[in-house]
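> Heads up: the sequence shown begins at 1 in the UniProt record's numbering, then just goes up one per residue.
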Amino acid sequence: MSSASAYGVDGQARSLCPLYHPSLNSQEFHRFLIGTANLSAENKIHLIEYQDATKSLECAAVWPHNYPVMGLWCSPSLSADSLLAVSSLQQLEIFRISENVMSEPMCIATVRKRYSLVLWDLDGLQSEFKAVHQSTLATISLSSSKLGLETVSYTSSEGSIRCAALAPYDPTLCLISCDNGLQLIDLRSKKASSFAATKYSHGFGYSTAVDFDRLKPGQFLSAGTDGYVYIHDIRYNTSCSLAMLQHMKAHEHTVQGCQFNSFRDELVLSCSSDQTLKLWDLEQNNEPKCLRRLADYGDSVVALCWSSNSPWVFAGLSFNGKLLVDTVPNEKKMSILLDEKKWSEA
Numbered sequence: 001m002s003s004a005s006a007y008g009v010d011g012q013a014r015s016l017c018p019l020y021h022p023s024l025n026s027q028e029f030h031r032f033l034i035g036t037a038n039l040s041a042e043n044k045i046h047l048i049e050y051q052d053a054t055k056s057l058e059c060a061a062v063w064p065h066n067y068p069v070m071g072l073w074c075s076p077s078l079s080a081d082s083l084l085a086v087s088s089l090q091q092l093e094i095f096r097i098s099e100n101v102m103s104e105p106m107c108i109a110t111v112r113k114r115y116s117l118v119l120w121d122l123d124g125l126q127s128e129f130k131a132v133h134q135s136t137l138a139t140i141s142l143s144s145s146k147l148g149l150e151t152v153s154y155t156s157s158e159g160s161i162r163c164a165a166l167a168p169y170d171p172t173l174c175l176i177s178c179d180n181g182l183q184l185i186d187l188r189s190k191k192a193s194s195f196a197a198t199k200y201s202h203g204f205g206y207s208t209a210v211d212f213d214r215l216k217p218g219q220f221l222s223a224g225t226d227g228y229v230y231i232h233d234i235r236y237n238t239s240c241s242l243a244m245l246q247h248m249k250a251h252e253h254t255v256q257g258c259q260f261n262s263f264r265d266e267l268v269l270s271c272s273s274d275q276t277l278k279l280w281d282l283e284q285n286n287e288p289k290c291l292r293r294l295a296d297y298g299d300s301v302v303a304l305c306w307s308s309n310s311p312w313v314f315a316g317l318s319f320n321g322k323l324l325v326d327t328v329p330n331e332k333k334m335s336i337l338l339d340e341k342k343w344s345e346a
């Protein structure tokens, strides 16, 4: 029997993100944002609240939106205004979320171009952010004198950028997936280091998701159209090269999203068009183990995320608008906490 809590929105949905906000100061209380993507009906952004103690999932607020929401990205900063990037087919908008999180956010900038991905600096700096438009990685300014100004940081000569991630240990490094595989971009020099061996990592398919390990500099995961997930390590020699550390057949169809846990990197989330969301234990020297398998969606699972204020809570959203929120099993949680205690006492 599934332990997940469920919530549904009207119509289709493509976007999900955790809310980062100063008001979130309890690990028992979690907030997520969902955007609807209806082409012929009105669209909304739903603020969803999950309480871990009661496993309850409720809609706390609904904000109208003029266009189908194709992507949501909340800035991880808690030291300044809470900002939310919202993409549609026509434009990208940046909203400021007020201290009263129930109030409708205020739009502070609009860039009239379709962006498929927004990358906030994981250090929380909010003077600018990176955004992907087709084969271009751009920097969008949020400073008052240059609000909304776009400058090109890198243009790929190998087709559209399908997914990307900023290195948490160095925000001037960006990993991207293009037609010829994975590339590491130095945004200062605008030069790319190509990992040629990754062109056929997913057979005749391609990488659909990448994410850096925040605990081990140089390590990252990639997932693709063949359902496989790989863990890589970047080796900095005379040139950049990759060593594959782990791999697993995570899903039967395309992996739509895949993320490390920022507290314990052996915990990995993946979701797929095979209509499942999975929580994995990728502890070193052991076979990958599926700790949770959520299969009550009835449609392709298009987005996933971890809670912004707890490493134990995660969520996944399907194309038919169904949100499921669940937790890391208590047995694994206790094992991790005991391990942390042993290290602290050693």
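Just so it is clear, CB atoms sit at the ideal spot from N, CA and C, and this is done for glycine as well.
#1: Shortest alpha-carbon distance to R162 belongs to which of F314, S116, D299?
#2: Just reading off the beta strand (DSSP E) that N43 is part of, what are its end residues?
#3: Start and end of the beta strand (DSSP E) containing H247?
#4: Helix, strand or coil: how does DSSP classify M334 here?
#5: Between the C-alpha atoms of L338 and V101, what's the straight-line distance to the nearest angstrom?
#6: Tell me whether the beta-carbon of H46 lies closer than 9 angstroms to the beta-carbon of Y20.
#7: Could you check if C178 is buried or exposed, using at least 16 other CB atoms within 10 Å of its CB as the buried criterion?
#8: Under the assumption that D212 contacts P168 (Cβ atoms under 8 angstroms), give the Cβ distance between them as a whole number of angstroms.
#9: For Y206, count the other beta carbons within 10 Å of its own beta carbon; 16 or more makes it buried, fewer makes it exposed. Which is it?
#10: Which partner residues of E58 appear in the DSSP bridge assignment?
#11: Thinking just about the alpha-carbon of each residue, which of P105, N25, R114 is nearest to the one in L78?
#12: Let me make sure I understand the geometry here. Which of S160, L137, S241, N320 has the alpha-carbon closest to that of T208?
#13: Rounding to the nearest angstrom, what Cα-Cα distance links L304 and T151 in this structure?
#14: What beta strand (DSSP E) runs, 3 residues minimum, are completely inside the stretch 89-156?
#15: Spatial neighbours of G298 within its chain, please: CB distance less than 8 angstroms, with the 5 preceding and 5 following residues excluded, ordered by chain position.
#16: Looking only at its own chain, which residues have a Cβ that is under 6 angstroms from the Cβ of D233, when we skip the five neighbours before and after it?
#17: Should F32 and I48 be called a contact, given that it needs their Cβ atoms to be closer than 9 angstroms?
#18: When burial is assigned at 16 or more other CB atoms within 10 Å of the CB, is P18 buried or exposed?
#19: Between the C-alpha atoms of E224 and I185, what's the straight-line distance to the nearest angstrom?
#20: Taking the alpha carbon of W280 as the reference point, which residue from L119, C240, L221, H133 has its own alpha carbon closest?
#21: Quick one: residues in its chain with C-beta nearer than 7 angstroms to the C-beta of W312, no 5 flanking neighbours on either side, listed in chain order?
#22: For P288, which residues from the same chain have a beta carbon less than 6 angstroms from its beta carbon, with the 5 sequence-adjacent residues on both sides left out?
#23: Beta-carbon within less than 6 angstroms of L215's beta-carbon, same chain only, minus the 5 sequence neighbours each way: which residues are those?
#24: Quick one: give me the first and last residue of the beta strand (DSSP E) that P171 is part of.
#25: How is D339 classed by DSSP in three states: helix, strand or coil?
#26: With a Cβ-Cβ cutoff of 9 angstroms, do I273 and Q256 count as a contact?
#27: For A295, which of helix, strand or coil comes out of DSSP?
#28: So, at 8 angstroms on beta carbons, what are the nonlocal neighbours of S5 in its own chain, with the 5 sequence-adjacent residues on each side left out?
#29: If you drop the 5 nearest sequence neighbours on each side, which residues of the same chain put their C-beta closer than 7 angstroms to that of D226?
#30: Going by the CB atoms, is the gap between V69 and S15 shorter than 9 angstroms?
#31: What is the rounded straight-line gap between the Cα of E99 and the Cα of P22?
#32: Run through the DSSP bridge pairs and tell me what L277 is partnered with.
#33: Use the C-beta contact count for G155: other C-beta atoms within 10 angstroms, 16 or more gives buried, fewer gives exposed.
#34: Please check the pair S153 and T139, which I expect to be a contact at CB under 8 angstroms, by giving their CB distance rounded to whole angstroms.
#35: Buried or exposed: where does K191 fall if 16 or more other Cβ atoms within 10 Å of its Cβ makes it buried?
#36: The ligand FAD and F220: does any heavy atom of the ligand fall closer than 8 angstroms to the residue's C-beta?
Let me spell this out:
#1: S116
#2: 43-51
#3: 240-249
#4: helix
#5: 36 angstroms
#6: no
#7: buried
#8: The sequence given here places Phe at residue 212; Asp does not occur at that position. Indeed, because the Cβ distance is near 5 angstroms, the residues count as touching under 8 angstroms.
#9: buried
#10: E49
#11: N25
#12: S160
#13: 29 angstroms
#14: 92-97, 106-111, 117-119, 128-133, 136-141, 150-155
#15: Q275, S318, N320, K322
#16: G218, Q219, A243, L245
#17: yes
#18: buried
#19: One point to set straight first is that residue 224 is Gly, not Glu, in the sequence displayed. About 20 angstroms.
#20: L221
#21: T327, V328, K333
#22: M248, W280, L282
#23: D265
#24: 170-178
#25: helix
#26: In the sequence on display, residue 273 carries Ser and not Ile. Contact: yes.
#27: coil
#28: Y50, K55, S56, L57, L324, V325, D326
#29: H202, G203, G205
#30: yes
#31: 8 angstroms
#32: C271, L294
#33: Per the sequence shown, the amino acid found at residue 155 is Thr instead of Gly. T155 should be labelled exposed.
#34: 5 angstroms
#35: exposed
#36: Inclusion of the ligand FAD in the displayed structure is not the case, the ligand content being empty and no account of it being possible.
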